[in-house]
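Student: Residue numbers (the working numbering), protein chains in the order written: chain A, 30 to 225; chain B, 30 to 225. The C-beta atom is built at its ideal place from N, Cα and C for all residues, glycine as well.
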DNA sequence: GCTAAAAGCGACTTGATGTTGCTTTTAGTG
DNA sequence: CACTAAAAGCAACATCAAGTCGCTTTTAGC
């Protein structure tokens, strides 16, 4: 019996090739037109390999996405809420504009009601993501820049319109739009009490 | 040769049954799992009928959606921007929470990048929709309630976060959330100059 | 009631999806 | 370095849904 597999061995290479091909195919054709055979061909691998190791589209994509899920998203800390929110939304939209990420996002929107695993993963992702991003709001509160508010809702207020443009309305997201959105949200936030 | 078809004739009945079945199937199974045969069975019709009259999933859904597109969306006019925006977003979300509408919206998100017809229809829909909804903002401006701003962006600011909750994050959209969002946007809008 | 169009029907073709048994390659062990 | 078990390659096969075709039956409009 063979021991633990090597990180750079054939299995690992095949796995990486297939997962990467899966995301590329998803971006090119969309979930509805994704075939395991197509992924196998793109990865330069025989389709039985894909069938035996993953079996279904769902399992394959789940694996492909999770393999990338730990990508590092930096939390800005400029000492100014405006600059932090602007960095945050810009990064989020830049990321969402990537073909791979956008394809995953669109697939998640399409599948969430029909696939419990997708829904669960999605909820978990956003719960964590909104909480982490909310840190910049919490910092602003403890800095005394704004009065206490729900950090999550502030994040939703700044990225919601931009996300909607990219995914739903298809309108262009310009730097001016982001700045205007952030400024509108900022002037809508409660001012801190003068004392303390 | 037969003349113009009757509104209540067999053809019209079959057409209505199929289009309605198409939306129902879309809501139940999602676009990726939609089959013309399934629609035909649900409509109590033979599949050749569907194939001969529509031919493809896309054509069928396009027809089904357009047949409902002229549904009437009332523009509120309460004399107060806050009340108008609240009515508007509440109606939009109530509508989007309908299984049929939500299924269509999710499908549009999934298909837009891969299907030019979907993208075009979608853009046209949103251009019109945002312009029409923007009327409540224009009224508030001419009423002197707020200083001039881009009406479209105000609409996007209020419905963006709610749409994102329904379609993307899956978080619940409560009346309180809508009110908080509208209030945030309102206090972020420029105040009118005192003169005139 | 006559007729052309539309719907129904089942058989058929086709192509994609997924499976199986077997061979070949590769990675890890003694 | 040779041996072995796992993983990948391969081709043939089974399955099944998608879509087509020729024909019959029904129905709407004259």
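Taking C-alpha atoms, which residue in 154(B), 108(B), 104(B) and 127(B) lies nearest to residue 117(B)?
Tutor: Position 88 of the second chain, counting from 1, holds the residue named residue 117(B). Nearest C-alpha to residue 117(B): 104(B).
Student: Count the other CB atoms within 10 Å of the CB of residue 31(B); is the residue buried (16 or more) or exposed (fewer)?
Tutor: Taking the first residue of the second chain as position 1, residue 31(B) is located at position 2. Reliability fails at residue 31(B), whose pLDDT of 38 lies under 50, so the model's placement of it is uncertain and the value that follows must be treated cautiously. It counts as exposed.
Student: Is DSSP giving residue 161(B) helix, strand or coil here?
Tutor: Looking up residue 161(B) in the second chain gives position 132. The answer is helix: DSSP assigns residue 161(B) an H, G or I state.
Student: With 8 angstroms set as the bound, which would you pick, yes or no: does the beta-carbon of residue 10(A) sit closer than that to a beta-carbon of chain B?
Tutor: Summary: the structure shown does not reach residue 10(A), with chain A confined to residues 30 through 225, and so no result is reported for it.
Student: According to DSSP, simplified to helix, strand and coil, what is residue 199(A)?
Tutor: Numbered from 1 along the first chain, position 170 holds the residue referred to as residue 199(A). DSSP places residue 199(A) in coil when its eight states are reduced to three.
Student: Alpha carbon to alpha carbon, how far is residue 85(A) from residue 225(A)? Give it in angstroms, no decimals.
Tutor: Stepping through the first chain from its first residue, residue 225(A) is reached at position 196. Stepping through the first chain from its first residue, residue 85(A) is reached at position 56. Reliability fails at residue 225(A), whose pLDDT of 49 lies under 50, so the model's placement of it is uncertain and no value is given.
Student: Report yes or no: is there a C-beta of chain A within less than 8 angstroms of the C-beta of residue 123(B)?
Tutor: Counting from one through the second chain, the residue named residue 123(B) turns up at place 94. Answer no: the Cβ-Cβ gap between residue 123(B) and chain A never drops below 8 angstroms.
Student: For the candidate residues 48(B), 53(B) and 78(B), whose alpha-carbon lies nearest to that of residue 24(B)?
Tutor: This structure cannot speak to residue 24(B), because chain B is shown only from 30 to 225.
Student: So which residues of chain B does residue 190(A) contact, with C-beta pairs closer than 7 angstroms?
Tutor: For the purposes of this step, residue 190(A) is taken as the residue at position 161 of the first chain. Per Cβ cutoff of 7 angstroms: 185, 186 and 189.
Student: Does any C-beta atom of chain A lie closer than 8 angstroms to the C-beta of residue 43(B)?
Tutor: Mapped onto the second chain, residue 43(B) falls at position 14. Not an interface residue.
Student: Under the rule that 16 or more other beta-carbon atoms within 10 Å means buried, what is residue 201(B), buried or exposed?
Tutor: Numbered from 1 along the second chain, position 172 holds the residue referred to as residue 201(B). Classification for residue 201(B): exposed.
Student: Could you tell me the alpha carbon to alpha carbon distance between residue 113(A) and residue 72(B), rounded to whole angstroms?
Tutor: Taking the first residue of the first chain as position 1, residue 113(A) is located at position 84. Taking the first residue of the second chain as position 1, residue 72(B) is located at position 43. Rounded to whole angstroms, residue 113(A) to residue 72(B) spans 54 angstroms at the Cα level.
Student: Return the CA-CA distance between residue 207(B) and residue 214(B), expressed in angstroms with no decimal places.
Tutor: The residue you call residue 207(B) lines up with position 178 of the second chain. The residue you call residue 214(B) lines up with position 185 of the second chain. Those two C-alpha atoms are separated by around 11 angstroms.
Student: Following the continuous alpha helix (DSSP H) through residue 62(A), name the residue where it begins and the one where it ends.
Tutor: Within the first chain, numbered from 1, the residue matching residue 62(A) stands at position 33. Note, residue 62(A): premise wrong, no alpha helix (DSSP H); not H, not E.
Student: For chain B, check one thing: does any of its Cβ atoms lie closer than 8 angstroms to the Cβ of residue 30(A)?
Tutor: As a working note, residue 30(A) is residue 1 in the first chain. With a pLDDT of 39 at residue 30(A), under the threshold of 50, the modelled position of that residue is not reliable, and the figure given next carries that caveat. Not closer than 8 angstroms to any Cβ of chain B, the Cβ of residue 30(A) fails to qualify, so no.
Student: Check residue 100(A) in the structure and name its three-state DSSP category.
Tutor: In the first chain, counting from the first residue as 1, residue 100(A) sits at position 71. Three-state result, residue 100(A): coil.
Student: Within 8 angstroms of any Cβ in chain B, is that where the Cβ of residue 152(A) sits?
Tutor: Here residue 152(A) refers to the residue found at position 123 of the first chain. So yes, residue 152(A) belongs to the interface.
Student: Could you confirm whether any beta carbon from chain B is found closer than 8 angstroms to the beta carbon of residue 3(A)?
Tutor: Any property of residue 3(A) remains undetermined from this structure, which presents chain A solely from 30 to 225.
Student: Count the other CB atoms, across all protein chains shown, that sit within 10 Å of the CB of residue 151(B); report buried if there are 16 or more and exposed otherwise.
Tutor: Taking the first residue of the second chain as 1, we reach residue 151(B) at position 122. Result: buried.
Student: Under 8 angstroms, Cβ to Cβ, is there at least one residue of chain A near residue 140(B)?
Tutor: Indexing the second chain from 1 puts residue 140(B) at position 111. Judged by the 8 angstroms Cβ criterion, residue 140(B) is in contact with chain A.
Student: DSSP state of residue 172(A), grouped into three classes?
Tutor: In the first chain, residue 172(A) corresponds to position 143, counting from 1. Residue 172(A): helix per DSSP, three-state reduction.
Student: Please classify residue 218(B) as buried or exposed, where buried requires at least 16 other C-beta atoms within 10 Å of its C-beta.
Tutor: Counted from its first residue, the second chain places residue 218(B) at position 189. Classification for residue 218(B): buried.
Student: In this structure, does DSSP put residue 118(A) in helix, strand or coil?
Tutor: As a first step, residue 118(A) is located in the first chain; it is residue number 89 there, counting from the start. Looking at residue 118(A) - three-state DSSP - the assignment turns out to be helix.
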